[in-house]
Amino acid sequence: DVKVTQSSRYLVKRTGEKVFLECVQDMDHENMFWYRQDPGLGLRLIYFSYDVKMKEKGDIPEGYSVSREKKERFSLILESASTNQTSMYLCASSRQEGAFFGQGTRLTVV
Amino acid sequence: KNEVEQSPQNLTAQEGEFITINCSYSVGISALHWLQQHPGGGIVSLFMLSSGKKKHGRLIATINIQEKHSSLHITASHPRDSAVYICAVYRGGADGLTFGKGTHLIIQP
Chain W
10 DVKVTQSSRY LVKRTGEKVF LECVQDMDHE NMFWYRQDPG LGLRLIYFSY DVKMKEKGDI
70 PEGYSVSREK KERFSLILES ASTNQTSMYL CASSRQEGAF FGQGTRLTVV
Chain X
27 KNEVEQSPQN LTAQEGEFIT INCSYSVGIS ALHWLQQHPG GGIVSLFMLS SGKKKHGRLI
87 ATINIQEKHS SLHITASHPR DSAVYICAVY RGGADGLTFG KGTHLIIQP
């Protein structure tokens, strides 16, 4: 079974904290993605990576950075968390047309 | 204008009804996904289509590439079908998926 694993299901952080969201896939996929999902706005792409150490900005990269040191791991970093980053974060990996999603991390910034 | 439009946004129906959710897109695609997300749950891929029709149990998905339109049908709907259904298109390359805003389906017993 294919697997995309996100490190936490629920996370509560304080404003100004540095936050790391980790995602690991076991399918040897080149492409990995970070999305956030908000009511009324749907899923929006934050960053994606098509190879180790490669990254591209998505639609809403502001306030976020990413790291891809190994093919199987793609990390999303909130340099200084703010309350408007409270959201559900979803990681996905894909090769060609197929996409597989992690379970999501619900992040609350207080 | 969103590149992927879904309708309806919300749908409430009685158990046993035939359900149709529509997806229209405005860009060239190489594949279209139908995804399901239960409340508080992760996203599961139901279908990936590049042409024609696929069936899995009570779920049927169709796509018309010329009309840039896809439908997801649920036959003999059941309360456990209550979820958000999301249409997403894949344009090729490493761009990832472009998502519709989802259809929130509630099936009442």
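Sequence order for the protein chains is W and X. So the number in the working numbering is just where the residue sits in the first sequence, counting from 1, plus 9. So the number in the working numbering is just where the residue sits in the second sequence, counting from 1, plus 26. C-beta: ideal position from N, C-alpha, C; glycine also. All values derive from a computational prediction rather than experimental measurement.
Query: By DSSP's criteria, W/LEU116 is part of a beta bridge. Which residues make up the other side?; Result: W/LEU20 and W/SER96
Query: If you count every other CB in all the chains shown that lies within 10 Å of the CB of X/GLY110, and 16 or more means buried, which is it?; Result: According to the sequence provided, residue 110 of chain X is Val. The question's Gly does not apply to it. Classification of X/VAL110: buried, given that the 10 Å Cβ count is 16 or more.
Query: With a threshold of 6 Å (Cβ to nearest heavy atom), would W/ASP60 be considered close to the ligand FAD?; Result: With respect to small molecules bound, the structure shown includes none, and the ligand FAD cannot be examined in it.
Query: Which residue comes first and which comes last in the beta strand (DSSP E) that contains W/GLY51?; Result: 51-60
Query: Among the candidates X/GLN134, X/LEU85 and X/ARG117, whose CA atom is the shortest distance from the CA of X/SER52?; Result: X/ARG117
Query: Using CA coordinates, which residue listed in W/TYR44, W/HIS38, W/MET63 and W/THR117 is at the minimum distance from W/GLU78?; Result: W/MET63
Query: Hey, how far is the Cα of X/ILE112 from the Cα of W/GLN46?; Result: 12 Å
Query: Which residue comes first and which comes last in the beta strand (DSSP E) that contains X/GLN92?; Result: Unbroken run through X/GLN92: none, as it is neither H nor E.
Query: In chain order, what residues of the same chain have a beta carbon less than 6 Å from the beta carbon of W/VAL21, not counting five sequence neighbours either side?; Result: THR117
Query: For chain X, find out if any of its Cβ atoms is closer than 7 Å to the Cβ of W/PHE110; answer yes or no.; Result: yes
Query: Quick one: does W/LEU85 have its CB under 7 Å from some CB of chain X?; Result: no
Query: Compute the Euclidean distance between the alpha carbons of W/SER58 and W/ILE86, then round it to the nearest angstrom.; Result: 14 Å
Query: Name the DSSP beta bridge partners of W/LYS66, please?; Result: W/TYR56
Query: Quick one: what does DSSP say W/ASP47 is sitting in, helix, strand or coil?; Result: strand
Query: What residue range does the beta strand (DSSP E) around W/THR14 cover?; Result: 13-15
Query: Is X/PHE125 close to chain W, meaning its C-beta is less than 7 Å from at least one C-beta of that chain?; Result: yes
Query: By the DSSP assignment, the beta strand (DSSP E) with X/ILE47 in it spans what residues?; Result: 45-51
Query: Given that X/SER97 touches chain W, what residues does it touch there, using C-beta distances under 8 Å?; Result: Per Cβ cutoff of 8 Å: no residues; X/SER97 is ~19 Å from chain W at best.
Query: Here's the rule I'm using: 16 or more other beta-carbon atoms within 10 Å means buried, otherwise exposed. How should W/GLY49 be labelled?; Result: exposed
Query: In chain order, what residues of the same chain have a beta carbon less than 7 Å from the beta carbon of X/GLY128, not counting five sequence neighbours either side?; Result: GLN32, VAL110, TYR111 and ILE112
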